[in-house]
Amino acid sequence: MNKKIISADLLLFPVSLMGCSNQNNSQNKSSKLNQEQNKQAKTSRVDKSEFLKVGFCPTMREEAISLKNKNENIKLVQLGSASEVLRNLNSKNIDAGIIGRKAKKSEITEKIKGKRLHKVGYTLIGPRKQMIPESNLKNLQINTCLGKEIKESFPELNLDFVDCDYKNGRPWLISWDDFSDELELLIPVNENGEKIKIFRTAHLYTSLDLDNFTF
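This note's numbering puts the sequence shown at residues 72 to 286.
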């Protein structure tokens, strides 16, 4: 096998030339970094004349229309569920999505950010994710560690005001601020299978800069 011979002259570059080479490499890297940052800035900020495709789940139709009324460049797309909205967002089939719950980290990419569109909201959690007929709520004893004034907003619920211990297997009424990935939703639905809106809160998710939207 013929061995490739490297001339010794190639190993004797003056220090000054090596320095220039390193400097050029640094400049090239810096230039590429700036180009990438500019590219990202362009993709995160859009011209107001460009249409933004916003998907929404059926429960959030009213909130989606409200957002469109404040943003003339929005085109709304109704999808079948919150999960479908997030899948389309991850696949970049839509520019943003409005769903009635907080997305789990496993459902969205790192570049996607979220904003809650309501000031406050509450939901039910249980030992596992499941739907429950709204009519069955009156038969449940539900724990909460929220303030007792919450009873005014949910007079139909049988609430026990206790210390927080979400792992005890009981249904809980919690704030969306306290919802985390390890918790599972208990989802009340009406006779048509539609989710009860009082237990949902609108969240917008997008990889774009939130300044692209008027809320």
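Yeah, the Cβ is synthetic: ideal placement off N, Cα and C, and Gly gets one too. Just so it is clear, the structure is predicted and the values come from calculations on it, not from any experiment.
I need the DSSP call for residue i, collapsed to helix, strand or coil.
| i | result |
| --- | --- |
| V125 | strand |
| N187 | Per the sequence presented here, residue 187 reads as Arg, with Asn not at that position. Three-state result, R187: strand. |
| N109 | At N109 the pLDDT is 48, less than 50, meaning the model places this residue with poor confidence; the figure from the coordinates comes in the next sentence. Reduced to three states, the DSSP call for N109 is helix. |
| D166 | coil |
| E265 | coil |
| S206 | helix |
| E223 | helix |
| F270 | helix |
Where does the unbroken beta strand (DSSP E) through residue i begin, and where does it stop?
| i | result |
| --- | --- |
| V117 | First-last for V117: undefined, no H or E at that position. |
| S154 | Segment A153 to N161 is the alpha helix (DSSP H) holding S154; no beta strand (DSSP E) there. |
| S278 | Run containing S278: none; DSSP gives neither H nor E here. |
| Y288 | The question about residue 288 has no answer, for the chain in this structure spans 72 to 286. |
| W243 | W243 to S246 |
| P198 | Looking at the DSSP string, P198 is not in any beta strand (DSSP E), and its letter there is neither H nor E. |
Along the alpha helix (DSSP H) that carries residue i, what are the first and last residues, could you check?
| i | result |
| --- | --- |
| K141 | R132 to K141 |
Among all the DSSP beta bridges, which residues are the ones paired with residue i?
| i | result |
| --- | --- |
| A174 | Answer is none; A174 lacks a bridge partner. |
| N229 | Q212 |
| K182 | Paired residue(s): none; K182 is not in a bridge. |
| E255 | G197 |
| L147 | V125 |
State yes or no: is the beta carbon of residue i nearer than 8 Å to at least one beta carbon in chain D?
| i | result |
| --- | --- |
| V233 | Reference to chain D is not applicable here, since this structure consists of a single protein chain. |
May I ask you to check if the CB of residue i is nearer than 7 Å to at least one heavy atom of the ligand GTP?
| i | result |
| --- | --- |
| L157 | The model depicted lacks the ligand GTP and carries no ligand whatsoever. |
Roughly how far, in whole angstroms, is the beta-carbon of residue i from the beta-carbon of residue j, given that I think they are within contact range, below 8 Å?
| i | j | result |
| --- | --- | --- |
| V260 | M202 | 5 Å |
| N144 | L123 | 6 Å |
| I245 | Y193 | 7 Å |
| N159 | L150 | 6 Å |
| A167 | Y276 | 7 Å |
| K173 | F225 | No, K173 and F225 are not in contact; Cβ-Cβ is about 19 Å, not under 8 Å. |
| N229 | Q212 | 5 Å |
| I170 | H274 | 6 Å |
| P312 | G185 | In the structure as shown, the chain starts at 72 and stops at 286, and residue 312 therefore has no counterpart that could be examined. |
| I267 | E205 | 5 Å |
| N263 | V233 | Not really, about 33 Å apart at Cβ, beyond 8 Å. |
| S115 | D280 | 4 Å |
| R199 | E255 | 5 Å |
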